[in-house]
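There are 2 protein chains.
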Amino acid sequence: MHRLPFDEVQHTLAAVLSKLGFTPGRAATGARLFAETTCDGVYTHGINRFPRYVATIRNGSVIVDTEPRRIAAFGALERWDGRRGPGNLNALAMMDRALALSREHGIGCVALANTNHWMRAGTYGWQAAEAGFIGICWTNTMPNLPPWGGAERVIGNNPLVVAVPRPGGHVVLDIAMSQFSYGQLESYRKRGEMLPVDGGFDLEGNLTRDPGAIERSWRPLPIGYWKGSGLSIVLDMIAAMMALGKATHQLSHDPVFEHSVSQMFLAMHPAAFGPEPGAAQIADAIIASLHNSKPASEGRRVRYPGEETLRIRAENRKLGLPVEPAVWAEIQAM
Amino acid sequence: MHRLPFDEVQHTLAAVLSKLGFTPGRAATGARLFAETTCDGVYTHGINRFPRYVATIRNGSVIVDTEPRRIAAFGALERWDGRRGPGNLNALAMMDRALALSREHGIGCVALANTNHWMRAGTYGWQAAEAGFIGICWTNTMPNLPPWGGAERVIGNNPLVVAVPRPGGHVVLDIAMSQFSYGQLESYRKRGEMLPVDGGFDLEGNLTRDPGAIERSWRPLPIGYWKGSGLSIVLDMIAAMMALGKATHQLSHDPVFEHSVSQMFLAMHPAAFGPEPGAAQIADAIIASLHNSKPASEGRRVRYPGEETLRIRAENRKLGLPVEPAVWAEIQAM
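From first to last, the protein sequence lines are chains A and B. For reference, each letter of the first sequence is one residue, going 1 to 334 in my numbering. For reference, each letter of the second sequence is one residue, going 1001 to 1334 in my numbering.
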């Protein structure tokens, strides 16, 4: 594992994106998002994901030079067409639009059809929180999870992000509806480790912590069993219905052809009704109640969603972004 | 177990509510909500819950003759004060208000402070869906769940409802952030049964399916472990911050003094931009993809959230509402 300065990573990725046809500004933004994702410790969706992202550009799943277009607007609600543009740039623009609608109407909502994988879901939550807004967004995905009571992958893991601004550290929840991703299952298997909790069914239909058994059955667990299964279904329904876009069951099972997904972006402002110190105090008091509560293991402290990200971000900013040599060599050769 | 006609149940409960000071209209509505909840098969929050509801009126937690008051409004977003009124009537009024805001602005949102337990969460999802709207609402609760990594109950199980209208059967998800409620743990224990999946920790800190062991440790599991714990935290933050109301850590641990909770109500319309047959077709196609998928057990069918409710509702409407004689005698003596 090497470590490279943030700026060098961003510069290198931007150069690749420019060669692929991105304008300089869009190349710089796209590269920044990948670098920030690695910087925040989400290594699956940062630099390591870049080669697959490039593959989806080269195979035509992602169209680099398109921007989303507004299809319909009614008050605080808008419907946009992502035109199969880059999922991360589209999502950034749509959360910005939801923030603008929220400034105007108290709450804002954008439904986006025909977009692409937005890489790290949490990015758009941090974006909202850094602007001082509550942000809620989700995406549907290709069918990668069996519904509760089902043996076949027909629902998505549909990542959901809920972000709450807080001057002392934003609270950003970024959760897929599967307990573990296939990437995580693979990591555990390669390390020869069992999962910390049941992660799916084996081929005999028994719950198991064995990552390889779940990879063989293609039956990872939804979070909360029947509950996360239901949540995945309604998130898909709302995104596809509001955007008039594709639903999970219509998307390709092949990751590099998982294009034209549907997404939702909501924003609201705690101070929509006027300057309000109360909301920030409420946020701080909730976090304090967590920090001051008794931990399950002595010497540890209960953490809020996003807390660990701040620590990793500071560390990676200081020491440089961790980069796998093989991945970096592949990117440099692009 | 007796069965009584829906109208007789509603009439009896309404008479009790009238004696407690409800106006005739509010008594009838409150009684209807309890009867409908039992009719839909949510026996924990219907007739069986009525005596505890009455106890919270008698002890002053719930104030019968108050209605919510609007505190602030900005476009599609409003803040209301529930004035410690009856939680179910307050919630019904606030979802109605969110629907009205959505008609005007495409999406509508109400944050409600100082309200009370809304009984069955799903009620307000069915309300939105029956009006043709997508409805999302949640409440915070007293601290009844340890956060992930914590040993002490400082977060709530904060029920979340997501409802999607569909002419062929609304899709209504109603999930608490705990895998099992204390009521469910008690039921399993009394039947001498183990939980179908791990439901919490025992006193030694091991995951267990033993309901009694979890009751002793007060450590039920959040859905999806760390994921549901995080979701509970952000739902509490948003409700308390937007409503300027109380957060979970400020609420009583005693169920009959769990007053002044904070809630959120969101509504949006799939046809906000004009008549739109596409959304209903998308909904039907998603449900068809579930129904047509391979079940985990032969002869069963994958169900969508709310599907079973329709079957139970029809059965209980036809046969009468199931009533426990002891509970019914208690209510008749009120």
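In this text, a Cβ means the ideal position worked out from N, Cα and C, and glycines have one as well. Bear in mind the structure is a predicted one, so any value in this text is a computation, not a measurement.
Using a Cβ-Cβ cut-off of 8 Å, residue 1284 (chain B) does not count as an interface residue toward chain A, since no Cβ of chain A sits closer than that to its own. Each of B:1021, B:1050 and B:1023 was checked against the Cα of residue 1035 (chain B), and the nearest Cα belongs to B:1050. Here the C-alpha atom of residue 1164 (chain B) lies approximately 13 Å from the C-alpha atom of residue 1123 (chain B).
What residue 179 (chain A) touches in chain B, judged by beta-carbon distance under 8 Å, is 1224, 1225 and 1227, going in chain order. A distance of 8 Å or more separates the beta carbons of residue 266 (chain A) and residue 220 (chain A). Closer than 8 Å to the CB of residue 1302 (chain B) there is at least one CB belonging to chain A. For the region 47-76 of chain A, the set of positions with a beta-carbon nearer than 7 Å to some beta-carbon of chain B reads 72, 74, 75 and 76 in chain order. In the DSSP secondary-structure assignment, residue 1141 (chain B) is not bridged to any residue. For residue 170 (chain A), the nearest beta carbon of chain B is not closer than 8 Å to its own beta carbon. By the criterion of a C-beta distance shorter than 7 Å, residue 312 (chain A) is surrounded in its chain by 40 and 41, once the five residues flanking it on both sides are discounted. Judged by DSSP secondary structure, residue 236 (chain A) falls within the alpha helix (DSSP H) whose first and last residues are 226-243. DSSP, read as helix, strand or coil, puts residue 1221 (chain B) in coil.
Between residue 1282 (chain B) and residue 240 (chain A), the C-beta spacing is below 8 Å. Rounded to the nearest angstrom, the Cβ distance from residue 1066 (chain B) to residue 1046 (chain B) is 24 Å, too far for a contact under 8 Å. The region 148-166 of chain A makes contact with the region 1232-1246 of chain B; the number of CB pairs closer than 8 Å reaches 3 or more. Along the region 267-292 of chain A, going in chain order, the ones with a CB nearer than 9 Å to a CB of chain B are 268, 269, 270, 272, 273, 274, 276, 278, 279, 280, 282, 283, 285, 286, 287, 288, 289, 290 and 292.
When C-beta atoms of the region 163-180 of chain A are compared with those of the region 98-111 of chain A, fewer than three pairs fall below 8 Å, so the two segments do not count as touching. Under the DSSP assignment, residue 175 (chain A) falls outside any alpha helix (DSSP H), being part of the beta strand (DSSP E) whose first and last residues are 171-175. Of all residues in the region 236-262 of chain A, the ones placed with a Cβ closer than 7 Å to any Cβ belonging to chain B are 236, 237, 238, 240, 241, 242, 244, 247 and 249, in chain order. With respect to the 8 Å criterion, residue 227 (chain A) and residue 1223 (chain B) are classified as neighbours on the basis of their beta carbons.
Under DSSP, residue 112 (chain A) takes part in a beta bridge, and its partners are A:80 and A:263. Interface criterion met: the Cβ of residue 1296 (chain B) is under 8 Å from a Cβ in chain A.
If you check the CB distance, residue 1260 (chain B) and residue 1114 (chain B) come in under 8 Å. Ranked by Cα distance from residue 1128 (chain B), the first of B:1142, B:1111, B:1112 and B:1102 is B:1102. In terms of Cβ geometry, residue 1069 (chain B) and residue 1081 (chain B) form a close pair [threshold 8 Å]. Residue-level contact by beta carbon holds for residue 1079 (chain B) and chain A, with a gap shorter than 8 Å. Shortest Cα-Cα distance from residue 1091 (chain B) to any of B:1112, B:1076, B:1208 and B:1141 involves B:1112. Secondary structure note for residue 1034 (chain B): its alpha helix (DSSP H) is the uninterrupted segment 1024-1039.
Under the 8 Å criterion on CB atoms, residue 1098 (chain B) is classed as non-interfacial with respect to chain A. The residues 1024 and 1027, in chain order, have a CB closer than 8 Å to that of residue 1018 (chain B) in the same chain once the five nearest residues on each side in sequence are set aside. Residue A:269 holds the alpha-carbon nearest to the alpha-carbon of residue 1243 (chain B) among A:269, A:173 and A:77.
Under the three-state reduction of DSSP, residue 1122 (chain B) is assigned to helix. The DSSP-derived three-state label of residue 1002 (chain B) is strand.
The region 57-103 of chain A is shown to contain whole beta strand (DSSP E) runs of 3 or more residues at 69-74 and 77-81, in chain order. The beta carbons of residue 88 (chain A) and residue 118 (chain A) sit closer together than 8 Å.
Within 9 Å of the CB of residue 1173 (chain B), the CB atoms of chain A belong to 227, 230, 231, 233 and 234, in sequence order along the chain.
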